[in-house]
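Numbering (the numbering used here), first residue to last: 555 to 823. All C-beta atoms in this analysis are idealised placements derived from N, C-alpha and C, irrespective of residue type, glycine included. Remarks on the structure that follows.
Below you can see the structure in the form of C-alpha cells.
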C-alpha cells in the first residue's frame with residue numbers, strides 16, 4: 555500500500571474570486587482600461603478578506619488580465635495583446651460559441667493540419683515503444699467506447715485522449731505547449747462541444763476509412779516506422795474533418811449575424 559494518497563483539490567477562496575473576475579473580463583463586462591473598484595470595496599462586495607482578494611488579483615495579473623498594484627489602482631489589461639494560450643480554455647468557457655470563439659476555432663483548423671503532420675513525423679522519429687504502446691491503449695479504449703455504444707461525449711473525450719497520447723509521443727515541449735490548451739478547451743466543454751463534433755470518413759488512395767479506422771491505420775504505420783505514409787492518412791482525415799467542421803461553423807456564423815442584425819434593429823427602433 556502506498557504511503558502517498560491523492561490530494562483532494564478544493565477550489566480556494568482566491569481561485570473563486572479570480573474565477574469571477576476572469577469571466578467578467580473575458581466576457582467584456584469589464585472593459586480594457588476600466589478601473590477595478592478599490593481593494594477595500596471589492597473585499598466588502600465579495601465578503602472576503604483582503605489577503606484572499608490580493609492573491610486573486612495577482613493570479614489575474616499573471617494571466618495578463620489586469621495591471622497595477624504596488625500602490626497603483628488595478629485596471630483591466632488588454633488580454634488580446636498581453637495574454638497567453640493558457641487563457642483559451644477560460645475564454646471559451648466564459649463566452650461559449652461567441653463570434654470571437656468561432657473565429658479562434660476557424661484559425662485553429664487552419665494551422666492544426668501542418669502541426670499534426672509535424673507531430674506524426676516526430677512520433678516516427680522520436681517515440682519509444684512504450685509511448686506507442688500507450689497510444690495503442692488509448693485507441694483500444696476509444697474503440698471500446700464506440701463498440702459499446704457509449705454516449706457521444708465519452709467517445710469525443712476518448713478521441714481527444716488518443717490525440718494527446720500522439721502529442722506526448724512526439725517528445726516536443728513546444729508542440730505540447732501549443733496543442734494542450736485546445737485539448738483542454740474541448741475537454742472542459744465536452745458536454746456541448748460533443749454535439750457539434752461528429753466522426754468523419756476520409757479517403758486514402760481510393761480506400762474509404764471510416765471512423766476510427768484512419769487512427770488504426772496511422773497507429774499501425776507508426777509502429778512499422780512508416781511515418782510518411784502515416785502523414786498521408788492524417789492529412790486526409792484532417793481535411794475531411796475540416797470540411798465537416800466548416801459547415802458547422804458557417805451555420806454558427808450565420809446564426810451570430812442574425813442575432814446581431816436583430817440587436818441592431820432593436821437599437822434603431
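Cβ distance (whole Å) where residue i is taken to contact residue j below 8 Å
i, j, result
"residue 674", "residue 770", "Not a contact, Cβ separation roughly 14 Å."
"residue 618", "residue 633", "5 Å"
"residue 788", "residue 671", "6 Å"
"residue 776", "residue 677", "6 Å"
"residue 585", "residue 630", "6 Å"
"residue 790", "residue 758", "5 Å"
"residue 799", "residue 689", "Residue 799 to residue 689, Cβ: 24 Å. No contact."
"residue 639", "residue 735", "4 Å"
"residue 621", "residue 604", "That pair is no contact at about 19 Å."
"residue 733", "residue 669", "7 Å"
Simplified DSSP state of residue i, which is helix, strand or coil
i, result
"residue 630", "strand"
"residue 654", "helix"
"residue 819", "At residue 819 the pLDDT is 45, less than 50, meaning the model places this residue with poor confidence and gives no usable figure here."
"residue 814", "Annotation note: pLDDT 49 at residue 814 (below 50); position unreliable, coordinate value reported separately. The answer is helix: DSSP assigns residue 814 an H, G or I state."
"residue 729", "helix"
"residue 705", "coil"
"residue 591", "coil"
"residue 678", "helix"
"residue 698", "helix"
"residue 724", "coil"
"residue 691", "helix"
"residue 772", "helix"
"residue 569", "helix"
"residue 604", "helix"
"residue 583", "coil"
"residue 643", "helix"
"residue 638", "coil"
"residue 617", "coil"
"residue 781", "helix"
"residue 668", "helix"
"residue 737", "helix"
"residue 719", "helix"
"residue 791", "helix"
Residue i versus residue j - alpha carbon distance
i, j, result
"residue 729", "residue 718", "11 Å"
"residue 745", "residue 565", "21 Å"
"residue 685", "residue 727", "15 Å"
"residue 571", "residue 582", "17 Å"
"residue 587", "residue 568", "23 Å"
"residue 731", "residue 802", "27 Å"
"residue 578", "residue 665", "29 Å"
"residue 609", "residue 774", "49 Å"
"residue 627", "residue 654", "29 Å"
"residue 747", "residue 625", "43 Å"
"residue 703", "residue 751", "17 Å"
"residue 792", "residue 575", "37 Å"
"residue 681", "residue 784", "14 Å"
"residue 589", "residue 596", "12 Å"
"residue 649", "residue 743", "11 Å"
"residue 709", "residue 636", "35 Å"
"residue 794", "residue 600", "49 Å"
"residue 768", "residue 591", "54 Å"
"residue 725", "residue 713", "20 Å"
"residue 756", "residue 778", "22 Å"
"residue 722", "residue 598", "46 Å"
"residue 667", "residue 651", "22 Å"
"residue 804", "residue 602", "45 Å"
heavy atom of the ligand SAH below 8 Å from residue i C-beta
i, result
"residue 735", "The ligand SAH is not part of the structure shown, which contains no ligands of any sort."
One or two residues paired with residue i in a DSSP bridge
i, result
"residue 761", "758"
"residue 623", "626"
Meets three-Cβ-pair contact criterion under 8 Å: the segment 658 to 668 and the segment 601 to 620: no
The segment 633 to 649 touching the segment 729 to 742, judged by at least three CB pairs closer than 8 Å: yes
task: Examine the Cβ distances between the segment 680 to 695 and the segment 750 to 763 and report whether three or more of them are shorter than 8 Å.
output: no
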